[in-house]
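Asks: First the structure, which I've put down as structure tokens, then a few questions once you've had a look.
Number of protein chains: 2
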Amino acid sequence: MTAEDGTFDTPGHLSVTTGADAHRGDLFSRDCPTRQLLDRIGGKWVSMAVKVLGDEYPGEVRFAELKRRMPGISQKMLAQTLRSLERDTLVARRVEATTPPRVHYRLTDLGYSLTEPIAALRDWAELHMAQIDAANAG
Amino acid sequence: MTAEDGTFDTPGHLSVTTGADAHRGDLFSRDCPTRQLLDRIGGKWVSMAVKVLGDEYPGEVRFAELKRRMPGISQKMLAQTLRSLERDTLVARRVEATTPPRVHYRLTDLGYSLTEPIAALRDWAELHMAQIDAANAG
DNA sequence: CCGTATCCCACATGATACTG
DNA sequence: CAGTATCATGTGGGATACGG
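Chains A and B, in that order, are what the protein sequence lines are.
Sequence positions in the first sequence follow this note's numbering and run 1 to 138.
Sequence positions in the second sequence follow this note's numbering and run 1 to 138.
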């Protein structure tokens with residue numbers, strides 16, 4: 001019942017200051033994939049954007065429509081979130097060169113594949129978050 | 001292909017920015033469970049702590065041993081992370097009243113159940129994070 | 001319509017020191 | 001050993017204004 005995988009077996013923290021060049025540089029820069037992923041989807045608006053886009057997959061959603069479906073988000077955060085997802089190739093961007101321009105976003109196949117593990121989180125959350133909230137309240 | 005569930009149908013945006021004047025009626029709109037969960041496990045050390053404890057489940061791990069298995073974490077952050085998990089009833093704490101005292105931590109059943117969706121994240125990450133890193137590099 | 005640029009602040013995290 | 005207290009800081013994210 002102990003570990004059968006080694007996801008977290010490297011720290012992601014630099015350990016030693018002896019010797020300027022250290023050993024291969026592999027000691028610290030190798031973060032665990034789970035932590036890396038959480039750093040990406042843990043942002044305030046990322047999971048919501050993925051959900052909204054996933055609901056239309058493989059269809060597209062325009063910027064303004066995304067904003068409308070994500071109440072409370074600012075233009076800045078929406079653009080920033082989408083840029084990040086685009087850099088990660090989780091979202092594709094298509095510009096219609098009209099005036100004014102229309103910009104369409106869609107999940108890539110990779111992005112859509114991410115909706116699976118997120119759905120696992122959602123299922124767990126829907127089953128158990130109430131209990132956790134109750135524990136915090138009481 | 002549109003939404004069949006309503007996970008993200010409320011914004012969860014708070015408007016008060018002063019924080020000190022306790023503005024009544026500023027409701028934290030009901031956040032979606034997924035976002036709430038990500039707020040909890042998205043912390044820098046939470047997923048690692050769950051992993052380390054999960055590897056020993058249903059066994060216990062002592063504070064110092066936990067710290068040893070989470071390279072880079074400070075005592076403060078370890079204690080803080082464990083307190084949070086304990087409040088959420090994801091982790092149980094047992095104190096051995098010796099001198100010096102020994103404190104043992106273990107995942108609760110609820111906490112252990114969380115390792116399932118986290119494993120889904122990990123599996124996805126191990127398959128795809130390299131591709132995402134490559135996209136960012138290039 | 002679709003952004004970017006600025007300013008600002010709360011907060012998560014870290015370093016360090018102290019205690020039972 | 002197992003914490004708590006204090007101080008410092010980088011940054012995520014919000015408000016607002018401007019630009020193509």
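All residues carry an ideal CB built from backbone N, CA and C; glycine is no exception.
#1: Please report the residue range of the beta strand (DSSP E) in which tyrosine 112 of chain A lies.
#2: Glycine 42 of chain B touches chain A at which residues, Cβ-Cβ below 9 Å?
#3: Based on the DSSP secondary-structure assignment, which residues constitute the bridge partners of valine 95 of chain A?
#4: Using a beta-carbon distance below 8 Å, is aspartate 140 of chain A in contact with chain B?
#5: Starting from the beta carbon of threonine 89 of chain A, find every residue of chain B whose beta carbon is closer than 8 Å, and list them in chain order.
#6: What's the gap between the Cα of alanine 130 of chain B and the Cα of alanine 97 of chain B?
#7: Cα separation between threonine 34 of chain B and arginine 87 of chain A?
#8: Going by the beta-carbon positions, is the gap between arginine 164 of chain B and glycine 72 of chain B smaller than 8 Å?
#9: Only counting the same chain, and skipping five residues up and downstream in sequence, which positions put a Cβ closer than 6 Å to that of histidine 13 of chain B?
#10: Quick check: the Cα distance between glycine 25 of chain B and glutamate 126 of chain B, rounded to an integer number of angstroms?
#11: Can you list, in chain order, the residues of its chain whose CB lies under 7 Å from that of threonine 2 of chain A, leaving out five sequence neighbours each side?
#12: Based on Cα-Cα distance, which residue from A:Ala119, A:Gln36, A:Arg94 and A:His128 lies nearest to valine 52 of chain A?
#13: DSSP puts alanine 61 of chain B in a beta bridge; with which residues?
#14: Using 8 Å as the limit for Cβ to Cβ distance, is histidine 128 of chain B near chain A?
#15: Residue range of the alpha helix (DSSP H) that lysine 44 of chain B falls in?
#16: Is it buried or exposed for glycine 138 of chain B, if we count other Cβ within 10 angstroms and need 16 for buried?
#17: What does the alpha-carbon distance come out to for the pair arginine 40 of chain B and threonine 99 of chain A?
Replies: On the basis of the data shown:
#1: Taken as a continuous stretch (DSSP letters only), tyrosine 112 of chain A belongs to no beta strand (DSSP E), being part of the alpha helix (DSSP H) at 109-137.
#2: Leu38, Asp39, Ile41, Gly42 and Gly43
#3: A:Val103
#4: Residue numbering for chain A in the displayed model covers 1 to 138; residue 140 of chain A lies beyond these limits and cannot be assessed.
#5: Gln131, Ile132 and Ala135
#6: 47 Å
#7: 23 Å
#8: Absent from the model: residue 164 of chain B. The displayed extent of chain B is 1 to 138, so no value can be given.
#9: Bear in mind that a pLDDT of 34 at histidine 13 of chain B, under 50, signals an unreliable position, so the number given afterwards is only what the model happens to contain. Excluding sequence neighbours, histidine 13 of chain B sits near nothing in its chain.
#10: At glycine 25 of chain B, the pLDDT of 36 sits below 50, so the modelled position is not reliable and the matter cannot be decided from this model.
#11: With a pLDDT of 47 at threonine 2 of chain A, under the threshold of 50, the modelled position of this residue cannot be trusted, and the question is left open.
#12: A:Ala119
#13: It is valine, not alanine, that sits at residue 61 of chain B in the sequence shown. The partner list for valine 61 of chain B (beta bridge, DSSP) reads B:Tyr105.
#14: yes
#15: Lysine 44 of chain B -> no alpha helix (DSSP H), and no H or E assigned at all.
#16: exposed
#17: 43 Å
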